Amino acid sequence: MQQALQEAPVTKTSLSNVSILCVDNYIDSLELLKLSLELQGAQVYAAISAEEALRIFATNRIDILVSDLALPQTDGIALLKAVRKHSPPIPAVALTGISDAAVREKATAAGFDRYLVKPVDEDKLIKVISDLVAKNRKLSA
Numbered sequence: 000m001q002q003a004l005q006e007a008p009v010t011k012t013s014l015s016n017v018s019i020l021c022v023d024n025y026i027d028s029l030e031l032l033k034l035s036l037e038l039q040g041a042q043v044y045a046a047i048s049a050e051e052a053l054r055i056f057a058t059n060r061i062d063i064l065v066s067d068l069a070l071p072q073t074d075g076i077a078l079l080k081a082v083r084k085h086s087p088p089i090p091a092v093a094l095t096g097i098s099d100a101a102v103r104e105k106a107t108a109a110g111f112d113r114y115l116v117k118p119v120d121e122d123k124l125i126k127v128i129s130d131l132v133a134k135n136r137k138l139s140a
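The opening position of the sequence shown corresponds to residue 0 in numbering that gives the first Met the number 0, with each subsequent residue numbered one higher.
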């Protein structure tokens with residue numbers, strides 16, 4: 000494991016000053032995602048359910064939502080709709096194991112800015128997050 004970390008390519012994209020809300024009901028996946036993003040300088044809030052995510056969202060400044068779609072009780076699409084009721088709107092990435100085209104279309108129609116299928120390349124995810132946050136900040140300025 001340590002050797003794999005040492006051999007991993009260094010990502011040039013920094014996520015410093017980016018606050019990310021990550022939602023996944025698989026704790027191991029969530030912790031790995033959180034660690035990966037924190038190593039790039041991000042402030043990461045982690046939630047294992049939509050309900051927990053909404054509590055975090057209500058009390059913290061969040062720049063972007065990265066959420067699985069298949070969550071217990073309330074799915075990722077319903078979570079995004081609840082988050083988008085707040086102003087200003089934040090970008091959102093669906094990070095899911097579901098590669099079905101119909102689900103992708105439904106998620107995109109619901110407002111997810113990007114749809115990424117697990118496992119996702121870490122550098123790609125970091126670039127997507129960085130680009131969406133930068134675009135949103137320009138629109139908000």
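All C-beta atoms, glycine included, are put in the ideal place defined by N, C-alpha and C.
All of these numbers come straight from a predicted model, not from anything done at the bench.
Proximal residues to residue 55 (C-beta, below 7 Å), its chain only, five neighbours per side dropped
20, 44 and 46
From the DSSP output, which residues share a beta bridge with residue 65?
21 and 92
Judging by CA-CA distance, which residue of 136, 115 and 123 is the nearest neighbour of residue 66?
115
What are the complete beta strand (DSSP E) segments, minimum 3 residues, inside the segment 27–53?
42–46
Cα-Cα separation, residue 17 to residue 122:
16 Å
Please list the segments of the beta strand (DSSP E) lying wholly inside the segment 94–122, counting only runs of 3 or more residues, in order along the chain.
113–116
Is the CB-CB distance between residue 94 and residue 23 below 9 Å?
yes
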